[in-house]
Amino acid sequence: MGLMDGKAVLVTGAGRGVGRGIALEMAQAGAAVVVNDLGVSLNGGGSDDASPAEQVVEDIRAMGGRAVANHDSVADWDGACAMVKAAIDNFGRIDGVVNNAGNLRDVLFHKMSPEDFRAVIDVHLMGSFNTSRVAAPFFKEQGSGAYVHMTSTSGLIGNLGQANYSAAKLGIVGLSKSIAIDMQRFGVRSNAIAPFAWTRMVSSIPSETPEQQKRVEGLKKLVAEKIAPFVVALCADAGARVTGQVFGVRNNEIYLFSQSRPIRTAHTAEGWTPEAIVDRVFDQFANDFYPLHKSGDVFTWDPV
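In the working numbering, the protein residues as written are 1 to 304.
Printed below as a string of structure tokens:
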């Protein structure tokens, strides 16, 4: 008996990398899988390869599992409807949605076009909303269901040249928490994971300077398939009490991230003026201000 026996799961962006690993692990755990992959280039442009989803389906069927391919875009509402319908039509139910599909358009903020920003928001944030919202009535009716959304330390901490990606990924954290709150009454849970993995998307990071080269060499040690077991555990019935959390998975390390809470307070009986704030509040808070760290400044040790 597998942890996901009798369940059906949609995994977006499942043709390669992290998504492929999740789809295969889900199948190995007993789930029927809708393998979604648009088969486009890294920046979301024209077709890069139309076959990755079918290849993953073949791999799942070869191990005795059940799977179907889907090539719709998560950024399109009708496409999201088609993905969920594929689960219902082929497997009779849907029990989990793993929002893994993504794209990149890295550029420094003062050079970022509205199109660069919108393209990434549409796939990551709107895409996560679309698939989650389409599945929500089915989860509500059956009184169970699990969402797993991929966030990133680019949003949780920060990275250079990724204002679009960081905004989308931090937005996903808010989306996941709101889903968890709104749908708790129906037995539905929602969590976010920041995956550390060397994938096609991560491989686009520049490696021109010695510092960049060192970062890339470190990232190459991060195995994409290591994310999958944690995703399966979150979607299984055994993980039903876990909801509204933000995790990280980095090879054999698993992190629970903090969430925003007040850490200092300042008050006055007279009310504040701008001058009083400058004179008193900024200095009072200064020791607790967060520095402009990037992800690599926080995760400085080699992965286990």
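Built from N, CA and C at the ideal position, the CB exists for glycine as well.
Across the stretch 153–167 and the stretch 101–110, are there enough close Cβ pairs to call them in contact, namely three or more that are closer than 8 Å?
The stretch 153–167, when compared against the stretch 101–110, does touch it at the 8 Å Cβ threshold.
For the candidate residues Arg185, Asn287, His149 and Thr265, whose alpha-carbon lies nearest to that of Trp249?
It should be noted that the sequence gives Val, not Trp, for residue 249. Val249 has its Cα closest to that of His149, out of Arg185, Asn287, His149 and Thr265.
Do three or more CB pairs link the stretch 113–122 to the stretch 150–158 at distances below 8 Å?
Touching, no.
Have a look at the DSSP bridge pairing and note the partners of Gly340.
Because the chain here runs from 1 to 304, residue 340 falls outside it and cannot be looked at.
In angstroms with no decimal places, state the Cα-to-Cα distance between Tyr255 and Val242.
The straight-line gap from Cα to Cα measures roughly 14 Å.
Mapping DSSP to helix, strand and coil, what is Val74?
DSSP places Val74 in coil when its eight states are reduced to three.
So, does the stretch 177–193 touch the stretch 265–273, judging by three or more C-beta pairs under 8 Å?
No, they do not touch.
Looking at Gly17 and Asn36, is the spacing between their C-beta atoms short of 9 Å?
No, the Cβ-Cβ distance between Asn36 and Gly17 is not below 9 Å.
Helix or strand or just coil, what does DSSP make of Leu10?
Correct three-state label for Leu10: strand.
Measuring alpha carbon to alpha carbon, tell me which residue in Asn159, Val98, Ser132 and Glu54 is nearest Gly296.
Selected option, being the one with the closest Cα: Asn159.
What are the boundary residues of the beta strand (DSSP E) that includes Pro357?
With the chain represented from 1 up to 304, any question about residue 357 goes unanswered, as that position is not in the structure.
Under 8 Å by Cβ, that's how I've got Lys7 and Gly96 pegged, so tell me the actual separation to the nearest angstrom.
The pair is a contact, with the Cβ atoms about 7 Å apart (cut-off 8 Å).
The alpha helix (DSSP H) spanning Met150 covers which residue range?
Looking at the DSSP string, Met150 is not in any alpha helix (DSSP H); the run it does join, the beta strand (DSSP E), is Gly145 to Met150.
Is the stretch 50–64 touching the stretch 24–36 in the sense that three or more CB pairs, one from each, lie closer than 8 Å?
With a cut-off of 8 Å, the stretch 50–64 and the stretch 24–36 count as touching, because enough Cβ pairs lie within range.
Where does Val304 land, buried or exposed, given buried means 16+ other C-beta within 10 angstroms?
So Val304 counts as exposed.
Could you say if the stretch 222–236 and the stretch 125–141 meet the contact criterion of at least three C-beta pairs nearer than 8 Å?
Counting Cβ pairs under 8 Å, fewer than three are found: no touch.
What are the complete beta strand (DSSP E) segments, minimum 3 residues, inside the stretch 63–141?
If we require 3 residues or more, the beta strand (DSSP E) runs fully inside the stretch 63–141 come out as 67–70 and 96–99.
To the nearest whole angstrom, what separates the beta carbons of Asp76 and Met83, a pair I think is in contact under 8 Å?
Not confirmed; about 10 Å, so no contact.
Is it the case that the Cβ atoms of Gly19 and Ala101 are separated by a distance below 9 Å?
Against a cut-off of 9 Å, the Cβ pair of Ala101 and Gly19 comes out as a contact.
Locate the alpha helix (DSSP H) running through Val249, then write down its first and last residues.
Counting along the chain, Val249 falls outside any alpha helix (DSSP H), though it belongs to the beta strand (DSSP E) covering Val246 to Arg250.
So, with DSSP's three-state summary, where would you put Asn159?
It is coil, neither helix nor strand.
Consult DSSP for Tyr255 and reduce its assignment to one of helix, strand or coil.
In the structure shown, Tyr255 sits in a strand (DSSP, three-state: E or B).
Val231 by DSSP, collapsed to three states: which one?
Note: Val231 maps to helix in three-state DSSP.
Cα-Cα, which of Phe109, Asp122, Gly92 and Asn130 is closest to Asp78?
When each option's Cα is compared against that of Asp78, the closest is Asn130.
In chain order, what residues of the same chain have a beta carbon less than 7 Å from the beta carbon of Ala180, not counting five sequence neighbours either side?
So the list reads Arg189, Ser190, Thr243 and Gly244, once near-sequence residues are dropped.
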